[in-house]
Amino acid sequence: MIIYDRKECIGCQICEIVCSMEHTGRINPKKSRIRYHDELPQIGKVEFCRQCLAKACVEVCPTHAISLSAIGTITLDYSLCTGCLQCNKDCPFGSLPMDGEYPLFCDTCNGNYQCTQWCPTKALKKGGAES
Amino acid sequence: MKELPGYAGQVLTIDLTSQTYEIDKLPNKLVEEYLGGKGFCAKILYDELSAKCDPLSSENMVVIATGPFTGTLVPSSSRCVIGTKSPLTGIWLDSNCGGTFGPELKMAGFDIIKIKGQAIKPICIIIENDAVSIEGAEVLWGKDTFSTQQIIKEKYGQEYKVACIGQAGEEKNLVAGVLAEGRAFGRGGAGAVFGSKNLKAIAVRGTRSIEIYNTNEFLRENKEAYNEIAIHMDTGGSRPKYGTSGIYSFIKEAGVLPIKNFQGGSYPGMELVNEHQLVEELYEESRACFACPIACSKYSKVKKGKYEGRYVEGPEYENVWSFGAQCGNSDLGSIVYAEYLCDFYGIDAVSTGNIIGFVMECYEKGIIKKDDLGFGANFGNDEAIINIIHLIGKSEGIGKLLGQGVKRISDYLGKDTSRFAMHVKGLELPAYDPRGAFGMGLAFATSDRGACHLRAYPVSSEVLDHAGRIDPLSTEFKAELVKTEQDWFAIIDSLGLCLFGTFAIGPNQITDLLYSLTGQEEFPSASKLMKIGERIYNLTRLFNIREGITHKDDTLPLRLLEESLSDGPSKGVTVPLNEMLTEYYLIRDWDEMGRPNKQKLRELGLGEEFCKSESQ
Chain Z
1 MIIYDRKECI GCQICEIVCS MEHTGRINPK KSRIRYHDEL PQIGKVEFCR
51 QCLAKACVEV CPTHAISLSA IGTITLDYSL CTGCLQCNKD CPFGSLPMDG
101 EYPLFCDTCN GNYQCTQWCP TKALKKGGAE S
Chain R
1 MKELPGYAGQ VLTIDLTSQT YEIDKLPNKL VEEYLGGKGF CAKILYDELS
51 AKCDPLSSEN MVVIATGPFT GTLVPSSSRC VIGTKSPLTG IWLDSNCGGT
101 FGPELKMAGF DIIKIKGQAI KPICIIIEND AVSIEGAEVL WGKDTFSTQQ
151 IIKEKYGQEY KVACIGQAGE EKNLVAGVLA EGRAFGRGGA GAVFGSKNLK
201 AIAVRGTRSI EIYNTNEFLR ENKEAYNEIA IHMDTGGSRP KYGTSGIYSF
251 IKEAGVLPIK NFQGGSYPGM ELVNEHQLVE ELYEESRACF ACPIACSKYS
301 KVKKGKYEGR YVEGPEYENV WSFGAQCGNS DLGSIVYAEY LCDFYGIDAV
351 STGNIIGFVM ECYEKGIIKK DDLGFGANFG NDEAIINIIH LIGKSEGIGK
401 LLGQGVKRIS DYLGKDTSRF AMHVKGLELP AYDPRGAFGM GLAFATSDRG
451 ACHLRAYPVS SEVLDHAGRI DPLSTEFKAE LVKTEQDWFA IIDSLGLCLF
501 GTFAIGPNQI TDLLYSLTGQ EEFPSASKLM KIGERIYNLT RLFNIREGIT
551 HKDDTLPLRL LEESLSDGPS KGVTVPLNEM LTEYYLIRDW DEMGRPNKQK
601 LRELGLGEEF CKSESQ
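Residue numbers (this note's numbering), protein chains in the order written: chain Z, 1 to 131; chain R, 1 to 616.
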């Protein structure tokens, strides 16, 4: 999982850029699975799926579109998802990034975590059992 | 794949008079010849503005343009340019801003917005991808820039990025800027042009993607560029720590920091002010523009004294000077509050500080009196600084005159005040005294928008670069240096790149990044890019010639040419401008009147433009 240290964050959104490149091959922060929210004139914070142990999203999803993968990440079955966003409402860490219609869950980039590799201040780090 | 990877691919043209808009494809030829940002603005404004049009009339246009790098992974690539005819100078203006507005505009699908005409009532422009609406802005009129941005976000959504004017722009104050998400299109009075069009704000939200020509190469080259930035002593060392003020001590020790409206001498507490003091007493957080690992912007909060609790995103080096040394003031709290107020009202903090220093000199010389102001204004009077900003920001009383810039104030006052009205072509000087770095004198005199340190920055080689330093008090190489930097900086400002990133990443790296992003065969080498830069700089020159600029305007305030400083490293010298200027014209292939010769224009593909300027 990703560990975020708000004190080190500079709000550059480089995590959003590389995340969207990794997952779409193009640059589009609005498709990123990690999202920075500014609090001008001060630094805001990023939001992303932490693959937390609570798994509230899995439990509350009315269509069972959300499940746990073998490596412990959340996967979304788009054919089942209705975009009701109950997962978003029950997320214990606040809110999940959205692509405009569906929630976006961190898939760890196959364990490569591009956001942590590119974060210039190491505000984002690879953590948990895999670190 | 789109035809033009790296670009959004569309031009949005809005006519405020008819309240209509249209969306066109971005022309390939414009990209090939003018690259982006500043280059786009130059070509469009030269072609579409009529000569000698009134900058505050419906005839003037606002062009907002991003570059190919804007909104991408390229480090420090957040920039966006506003081009217009300046009401402050009456000539070319491009004003360039970081932050998040430019990237959002590009994600909405636009490389360029052209705004023409004039609305009859206050309006704002709301853009969400291709959906463009022109909406009434009566409720925003009279509001400061912070409230304006907040109200728009509350109404349309927090994801919108807003560029807007404050009260000063509404009043067509000539030093009014356009504020966007904590950053500013500060210089030259673009805010007054917005005001004249009754254009309060532009809010944009984009959900589109930017295509990349060769993703693997682009990633690899970016990784290298990020590494270069991280290990460079400026971009990876002093700038992240000290912000833009990292140069303060070096500039001061070299005798290049202008003091008390360029009179020199000293003021109480001046020895205490430096970059270390800013870190210790003010800085709380570092803030980055979009895609910038440097994060030179600081969130500062005043922790003691009468300005306790005041905060600002800043203060920038320029303003530590403009409200500090320029006004003989060493109270950091007042500097923070002064910069905050400039952002609040939407006025250029460089020009405003320059104006206040000028007023203070006039006050001490008895030319401006206490009755004129309603308060005393000796150098070092921090309350006078704050009072004057309120007057200018609200266009109240004498503030109406002061907001017209030092050239017009000096014209009004007469009495030989033009000697120390510190401007070139009407734009107030920034924080460098060219008597300590001659190259800056030539840079100010020949900058296309008037006195500006961002069209060429020879002081870097003259003072700041300890490895390849050249003599600051010699004229040797200065003409070549200024010409080369002007052409290259025109490219930087067209790419959407911030100048600071280029301290670490060089022309070849930038060219490689541009190719892997766009795949355009027209941008094969740095030398080819330099040709585009030269084309842009010559076109803005033609723009200015069309407005009546000649060699006589390529000059400096008399103070710099005739009065010398009485102490410091540049004691006893004045700027030998003519010598450098003659050489500069030769190198540029401009004649003795400062006009590009026909052969040069033909070489740059500007033959047609030349014929147009001849016939006017």
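Quick reminder that beta carbons are idealized off the backbone N, C-alpha and C, glycines included.
Taking all protein chains in view, the Cβ of Pro55 (chain R) is crowded by 16 or more other Cβ atoms within 10 Å, so the residue is classified as buried.
Met593 (chain R) counts as exposed, since fewer than 16 other beta carbons sit within 10 angstroms of its beta carbon. Interface residue (Cβ-Cβ distance to chain R less than 9 Å): Leu85 (chain Z) is not classified as such. In the three-state scheme derived from DSSP, where H, G and I count as helix and E and B as strand, Ile91 (chain R) is classed as coil. Trp488 (chain R) sits in a helix when the DSSP states are folded into three classes. For Phe48 (chain Z), there is no enclosing alpha helix (DSSP H); the enclosing beta strand (DSSP E) has its first and last residue at Gln42 to Phe48.
Between Phe438 (chain R) and Pro576 (chain R), the gap from beta carbon to beta carbon is short of 9 Å.
With contacts defined by Cβ atoms closer than 9 Å, Ile165 (chain R) and Gly186 (chain R) do not form a contacting pair. When CB distances to chain R are screened at a threshold of 9 Å, not a single residue of the stretch 63-97 of chain Z falls below it.
The DSSP-derived three-state label of Lys200 (chain R) is strand.
Pro430 (chain R) sits away from Leu442 (chain R), with the two beta carbons spaced by 9 Å or more. For Ser516 (chain R), there are no neighbours in chain Z by C-beta distance under 9 Å, as the nearest C-beta there is about 13 Å away. Secondary structure note for Val60 (chain Z): its alpha helix (DSSP H) is the uninterrupted segment Ala56 to Val60. For Glu313 (chain R), same chain residues with a beta-carbon under 7 Å away, outside a window of 5 residues either side, are Gly182, Arg287, Ser297 and Tyr299 in chain order. In this structure Val178 (chain R) touches Ile82 (chain R) by the C-beta definition: roughly 6 Å separates them, less than 8 Å.
DSSP places Glu579 (chain R) in the uninterrupted alpha helix (DSSP H) bounded by Leu577 to Arg588.
In this structure, the beta-carbon distance from Ile127 (chain R) to Ile202 (chain R) falls below 9 Å. Annotation for Ile392 (chain R): Ala168, Asn173, Val175, Tyr345, Ile347, Thr352, Ile355, Gly399, Leu402 and Gly403 place their beta carbon closer than 8 Å to its own, counting only its chain and skipping 5 residues before and after. Taking a C-beta cut-off of 7 Å against chain Z, the contacting residues of the stretch 278-301 of chain R are Glu285, Ser286, Arg287, Ala288, Phe290, Ala291, Cys292, Pro293, Ala295 and Tyr299, listed in chain order. DSSP places Gly39 (chain R) in the uninterrupted alpha helix (DSSP H) bounded by Gly37 to Glu48. Listed as beta-bridge partners of Ala65 (chain R) by DSSP are R:Val81 and R:Ile112. Contact between the stretch 549-557 of chain R and the stretch 579-597 of chain R is established, with three or more Cβ pairs separated by less than 8 Å. The Cβ neighbour count for Glu33 (chain R), taken over all protein chains shown within 10 Å, is at least 16; the residue is labelled buried.
The alpha carbon of Tyr113 (chain Z) has as its nearest neighbour, out of Z:His64, Z:Cys52 and Z:Lys125, the alpha carbon of Z:Lys125.
Counting only Cβ-Cβ distances below 7 Å, Leu341 (chain R) has no contacts in chain Z at all, with the closest Cβ about 14 Å away. Gln51 (chain Z) does not reach chain R, its nearest Cβ partner there being about 25 Å away, counting only Cβ pairs nearer than 9 Å.
Fully enclosed alpha helix (DSSP H) runs of no fewer than 4 residues occupy 28-34 of the stretch 5-40 of chain R, in order along the chain. Chain Z places no beta carbon closer than 9 Å to that of Gln326 (chain R), leaving this residue out of the contacts. Proximity to Glu221 (chain R) across R:Ile505, R:Gly71, R:Gly265 and R:Asp372 peaks at R:Ile505, based on C-alpha coordinates.
Out of R:Val11, R:Leu4, R:Ser57 and R:Gly102, the CA that lies nearest to the CA of Cys498 (chain R) is found in R:Gly102.
Per the coordinates, the alpha-carbon of Gly264 (chain R) lies some 7 Å from the alpha-carbon of Pro258 (chain R). For chain Z, the residues of the stretch 105-133 of chain R that bring a beta carbon within less than 8 Å of one of its beta carbons are Met107, in chain order. The three-state secondary structure of Ser249 (chain R), taken from DSSP, is helix.
Residue environment: Ile389 (chain R) is assigned as buried (16 or more neighbouring CB atoms within 10 Å of its CB, all protein chains considered).
Ala451 (chain R) is classed as buried because its beta carbon has at least 16 other beta carbons within 10 Å across all chains shown. DSSP links Thr75 (chain Z) through a beta bridge to Z:Ser67.
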